[in-house]
Amino acid sequence: MNISLWFDNEEFRLGLNRMEENKFQVKLKDRTFNLSVEFVNDHEILLNVDGRIHNAIVCSNTTSHTVFMNGRSFKLEKKSASQILGGIGEKQVRKDVKTSMPGRIVDILTREGENVEEGQAVLILEAMKMQNEIKSPRAGILTHLKFKPGDLVDTGVLLFTVE
Amino acid sequence: MNISLWFDNEEFRLGLNRMEENKFQVKLKDRTFNLSVEFVNDHEILLNVDGRIHNAIVCSNTTSHTVFMNGRSFKLEKKSASQILGGIGEKQVRKDVKTSMPGRIVDILTREGENVEEGQAVLILEAMKMQNEIKSPRAGILTHLKFKPGDLVDTGVLLFTVE
Amino acid sequence: METFPFKKVLIANRGEIAVRVIRACREMGIIPVAVFSDADKKALHVRLAEEAYPLGASSPSESYLNIEKILNIAKKCRAEALHPGYGFLAENPELVKHCEKEGIHFIGPSSRVVKIMGKKTASRAAMLNAGIPIVPGTIEPLLDEKELVYQAEKIGFPVLLKATSGGGGKGLRLVNRKSELISSLKLVRSEAMSSFNDESVYMEKYIEEPHHIEIQILADHFGRVIHLGERECSIQRRYQKVLEETPSPFLDEDTRQKMGQIAVRAAQSVEYRNAGTVEFVVDKNKNFYFLEMNTRLQVEHPVTEMVTGIDLVKCQIEIAAGLPLRCSQEEVRPRGSSLQCRIHAEDPDLDFMPSPGEIIHLRPPSGGLGIRNDTGIYEGFIVPLEYDPLLSKLISWGETREEAILRMLRALSEYQIYGIKTTIPFFKRILHHPKFFKGDYNTHFIADLEKEMDMNGKQDTQIAILAAGVKTYVDNRSEMKQSRRKLSQWKLRGRSDGFSNRF
Amino acid sequence: METFPFKKVLIANRGEIAVRVIRACREMGIIPVAVFSDADKKALHVRLAEEAYPLGASSPSESYLNIEKILNIAKKCRAEALHPGYGFLAENPELVKHCEKEGIHFIGPSSRVVKIMGKKTASRAAMLNAGIPIVPGTIEPLLDEKELVYQAEKIGFPVLLKATSGGGGKGLRLVNRKSELISSLKLVRSEAMSSFNDESVYMEKYIEEPHHIEIQILADHFGRVIHLGERECSIQRRYQKVLEETPSPFLDEDTRQKMGQIAVRAAQSVEYRNAGTVEFVVDKNKNFYFLEMNTRLQVEHPVTEMVTGIDLVKCQIEIAAGLPLRCSQEEVRPRGSSLQCRIHAEDPDLDFMPSPGEIIHLRPPSGGLGIRNDTGIYEGFIVPLEYDPLLSKLISWGETREEAILRMLRALSEYQIYGIKTTIPFFKRILHHPKFFKGDYNTHFIADLEKEMDMNGKQDTQIAILAAGVKTYVDNRSEMKQSRRKLSQWKLRGRSDGFSNRF
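Which chain is which? The protein sequence lines are A, B, C and D, in order. In terms of our numbering, the first sequence has 19 at position 19, counting the first letter as 1, and numbering is strictly consecutive. In terms of our numbering, the second sequence has 32 at position 32, counting the first letter as 1, and numbering is strictly consecutive. In terms of our numbering, the third sequence has 111 at position 111, counting the first letter as 1, and numbering is strictly consecutive. In terms of our numbering, the fourth sequence has 100 at position 100, counting the first letter as 1, and numbering is strictly consecutive.
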């Protein structure tokens, strides 16, 4: 079985062969790995790669796997970003800034339509008792800033755009 | 809603009223309890009984609930033993001894057809590296002993009967 | 098992510290009573308490900061004493006053002392009077922008702007030049208002290459005060403590003793009682200056417990009950070395953005000698957005500092908190850093570290891809099985339908 | 971080002790290598190791007792040293000989010493020669039933029959009268054969109201031997240790010192090296007699670690690598009190029948000062039938014995291991018992306790019924919802069928 996974916009092609119930041979780039695999439960996997032990939690949905390992998480897309965008692969000419957490807008430091520098603070978002400055990811014109101080925002909400 | 549960062959009748999403009033014997109930997951329940906190795990199947609490387990039958036996409720005149764990028969100390005393060792079962003497639960005649030393036995298997 | 003066103690807090106090109560035969907000209905501190009562809505002001609600519960359940933990109302003189009025023992000092030490300006003035060295700066809060500029130029840049009621690294700004003064003041005032409901701000000289070192003290009702050694708290990120250790690899024995004696004198000068902490800033020449006194338990108290063997929460409760101190200064004999990592729900790869949410998988480290994990979470718990991001405190002890560090690294390597982002990988970076290992650091350590490339975790990518690959394989196979099952069900139904058609 | 003489250590064991050794290796920068049987493919010691290799079938003889398989793996993965844990091959002189031949460092004493101490009769003879007091009894194994009867009558009843190669409470029988002698001998021989592959048995005088107290020693390659105080192991059930503590509430300082010195002399007399334990039986007048020497780590080693701060596993590895002892006798300064509960997969309400199976829910206690949990399990793990029933060792430390007991009770009250039966409720009974609390007990304590009614847990029945009642209510409601959903699906299908009929 051949599959492709994308990590950080890079494609990784895997060739998987099941040798025994719990043994796989996997080709990844130029290397071949011999894996023993034990599923502790649906999502908890104990991998033995040529004798070396790795504990991984793999949470999957239709578009991606999130692998938790050694205190970190790795998001592996089942399709590339360009496939997700419908194969257009257009260059992004504007930059949306979205919330990565729910929170409360404490202050707006820059107005819509103004020029901003890269790294310039645009607004202050409070969550878990900390105030975080949300900065512009690039130089440009600030647009789509529709909030006012005191507004509550959810995860993944568009805060503003820099065009 | 009225239900009955059996514990140690005693019937407990409960009258349950749901007052709010997470609040119940439960009548049990002469007492009325006001419960706040939080389900941590399907089987993990946090009960607040008049301010007192109890953590319970309730694993259910079609015939019983097993409640784990404070290091112990309580098996509550949904039907009484006599109901389970088809309502006959006959007095047990013989006593079956079954395994409560898988193991290996090490030695047979008494032969079929012999008289045994209450507490007399009938056979030795080894499990988890310990040898356990399996004793007769009552005085009588030993029957249905079909094993020989070296046999492996599973959980719930009839070891012998004392009639 | 003698009965203790208190039968019941209400814990006016949440999270790991509420759990910590509940455990101490249980070990003393005291009934621990928890309170909880809506977001905390299933929180660990509720589950481990013996009694628990709701506070209502999740926002702090309607729950853990609501003095009236908390005192009503205390009266209703007949708690003889109240433990405030840290944060929330722990240094609120109003709560203490109300307790004093209602005859509930507040596990802490008198309202008078809480009030003096709660205002940084008042405490600086008090210490100045008692002959304790303080950091150069304003004694009174800044009046206006004019005074701001005047004082800054008088003291000399860089200066620190500090909220008078501040603490825990909130309401604090370093200002390097005049042009940043006014915007910084606004920011500090706003944060101070929202965190402490008090927008007054004062100014301190900024000490270069500073160490942040504090002394733990214990003081009883009989005027006896002892100190339990220091905690090195210089590993800070944006003025928030990240990792603490004892003993400090920077201090010498002479300075340590002097600081201990000064801390005792500071406590005596205000007739302090309770566990308490005197914080100092220490410059590169080991000159030390009083910064503030915390009139409560510190987040980092466990490292002192690990080396002294003394349970500080139990001591607090005993002191509040009017018992004399357990031991004398001579009987305090620290052994070995201890570290604490504050594991936060924050994403170290994304500028430490808060990361609330459900913990889908939790395997805390345990076992072996010298590992302790003070936690407020469990698998399945949803870390609320409303409160601070501290998930757990991982503490290690070793015969030597090296052993404590290596033990901590071992424990971190076992620690699995998945579903949300945590600072565990960041601690591995700190502990692996040669400068940290040598004990050669000051409060700039983290800022310098963040400039370095983080190469950790890169080597795991390949294994993660292999794991996801195998998962895809297995998922596909079980999907195939399912479709096959569906197919056969469909066939079966088709057949039974066929039957029914015949009749 | 200097590099250690060993880069890789193979751990020839499983369960909590394999996990314990893995952790020590990681803290020393050594690569821990696990081995595992089929039943242990997903065991915790495999998951925490850095490398792991299969041994094959689950039966001990084909896996953890198989010297050839284990040594082949050690050679293949290039482990420089082998840690045997306790049990299995830990006291097998054949393994040690093979290691010596292959140039693999055995983390333990020489094969000569293992052999002497492995046979109880040989060790008694050696100690007799060295002038160490031993329990009256036979020096040689019993030849036949005739000698059995002769010796028993000579020594006087009651007597103990003991397997020459015995240990861990296996192969041991108390005989009170002549009529029981022959059947007891058969039973001991059978157990000895199956557990140790050696059916020889000897006899000892049974000491009345005995205490079982042991001394921990450390001995290096340079002839230096120190002792680390005692462990009181009198809380036994059928000759198996159940709960251990240090210091012993029974010993006085004078006897403690004498026993320590005798233990050191015993070790020196055989040129011992490694951590080791000299076990004594102590009568009610505090006369003590050598029982046996264990040439390995003990299950109960953690209580000594808790009071001394010394990591015994690291010491073992250092000694095996040829390093001198970390500290001198004077530097060993025990502090406070420590207890250990051996949590077994056994049903205390059903005569301690083994209870293997799946752990469906696990919440170990953690946090607070002085709690340690050395465990070999996790949620979802299936406890195998093939190996011993030890799930975890819960260890507490306190400034005083009372504090250690109350802490243990607190931790036990938090500990949830569900799905299988465990001995947790039994430990609550022990610790709550006034005689235990006073420290007034000997090896008969458990047998006496089992005669008393167990009233614990009765008061929980009512709450359990309430919980099950609520669960029934909620289950019914969700079933109703499901049937409603099914009904509506049926309706929908009916309608779509209707549609298709039209076409």
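Glycine residues also receive a C-beta, built at the ideal position from the N, C-alpha and C atoms.
Buried versus exposed, by CB contacts within 10 Å (16 or more), residue i
i, result
"residue 90 of chain C", "buried"
"residue 392 of chain C", "buried"
"residue 148 of chain B", "exposed"
"residue 150 of chain D", "exposed"
"residue 89 of chain B", "Because residue 89 of chain B carries a pLDDT of 40, less than 50, the predicted location of this residue cannot be relied on, and no value is offered for it."
"residue 120 of chain D", "buried"
Backbone CA spacing between residue i and residue j [nearest angstrom]
i, j, result
"residue 30 of chain C", "residue 353 of chain C", "39 Å"
"residue 227 of chain C", "residue 256 of chain C", "11 Å"
"residue 5 of chain D", "residue 403 of chain C", "17 Å"
"residue 409 of chain C", "residue 45 of chain A", "23 Å"
"residue 166 of chain D", "residue 340 of chain C", "44 Å"
"residue 298 of chain C", "residue 48 of chain B", "31 Å"
"residue 152 of chain C", "residue 53 of chain A", "58 Å"
"residue 571 of chain C", "residue 50 of chain C", "The structure shown does not extend to residue 571 of chain C, since chain C is modelled only from 1 through 503, so no value can be given for it."
"residue 95 of chain B", "residue 342 of chain D", "34 Å"
"residue 456 of chain C", "residue 428 of chain C", "9 Å"
"residue 251 of chain D", "residue 286 of chain D", "8 Å"
"residue 491 of chain C", "residue 480 of chain C", "Interpretation of residue 491 of chain C is limited by its pLDDT of 46, a score under 50 that renders its predicted location unreliable; no figure is taken from the coordinates."
"residue 459 of chain D", "residue 315 of chain C", "33 Å"
"residue 431 of chain C", "residue 405 of chain C", "7 Å"
"residue 138 of chain A", "residue 161 of chain A", "10 Å"
"residue 309 of chain D", "residue 115 of chain D", "31 Å"
"residue 26 of chain A", "residue 83 of chain C", "57 Å"
"residue 156 of chain A", "residue 113 of chain A", "23 Å"
"residue 155 of chain C", "residue 145 of chain C", "15 Å"
"residue 248 of chain C", "residue 337 of chain C", "9 Å"
"residue 145 of chain B", "residue 159 of chain B", "6 Å"
"residue 73 of chain C", "residue 322 of chain C", "24 Å"
Of the listed residues the options, nearest to residue i (C-alpha basis)
i, options, result
"residue 350 of chain C", "C:320, C:425, C:263 and C:395", "C:425"
"residue 332 of chain C", "D:331, D:317 and D:335", "D:335"
"residue 375 of chain C", "D:380, D:407, D:302 and D:366", "D:366"
"residue 106 of chain A", "A:98, A:134, A:100 and A:66", "A:134"
"residue 28 of chain B", "B:154, B:1, B:159 and B:41", "B:1"
"residue 396 of chain D", "D:158, D:243 and D:18", "D:243"
"residue 60 of chain A", "A:5, A:157 and A:116", "A:5"
"residue 161 of chain D", "D:223, D:124 and D:205", "D:205"
"residue 158 of chain C", "C:207, C:198, C:412 and C:394", "C:207"
"residue 35 of chain B", "D:64, D:476, D:470 and D:39", "D:470"
"residue 122 of chain A", "A:109, A:129, A:131 and A:130", "A:109"
"residue 198 of chain D", "D:326, D:85, D:164 and D:284", "D:164"
"residue 20 of chain D", "C:346, C:407 and C:246", "C:407"
Nearest-angstrom beta carbon gap, residue j and residue i [assumed within contact, 8 Å]
i, j, result
"residue 56 of chain D", "residue 69 of chain D", "7 Å"
"residue 67 of chain D", "residue 94 of chain D", "6 Å"
"residue 102 of chain B", "residue 154 of chain B", "5 Å"
Cutoff 8 Å: residue i Cβ touching any chain F Cβ
i, result
"residue 77 of chain D", "Absence of chain F from the displayed structure is noted, the protein chains being A, B, C and D."
Closer than 7 Å: residue i CB and nearest the ligand FMN heavy atom
i, result
"residue 227 of chain D", "Although the ligand FMN was asked about, the structure shown includes no ligands whatsoever."
Per the contact definition of three or more C-beta pairs closer than 8 Å, is the segment 75 to 84 of chain D in contact with the segment 6 to 17 of chain D?
yes
Three or more C-beta pairs under 8 Å: does that hold for the segment 127 to 137 of chain D against the segment 261 to 269 of chain D?
yes
Decide yes or no for the touch test of the segment 301 to 316 of chain C against the segment 11 to 26 of chain C: beta carbon pairs closer than 8 Å, at least 3 of them.
yes
With three or more beta-carbon pairs closer than 8 Å as the criterion, would you say the segment 371 to 390 of chain C touches the segment 438 to 455 of chain C?
no
Check whether the segment 378 to 390 of chain D and the segment 123 to 131 of chain B are in contact - that is, three or more C-beta pairs closer than 8 Å.
The answer is yes - the segment 123 to 131 of chain B touches the segment 378 to 390 of chain D, with three or more Cβ pairs under 8 Å.
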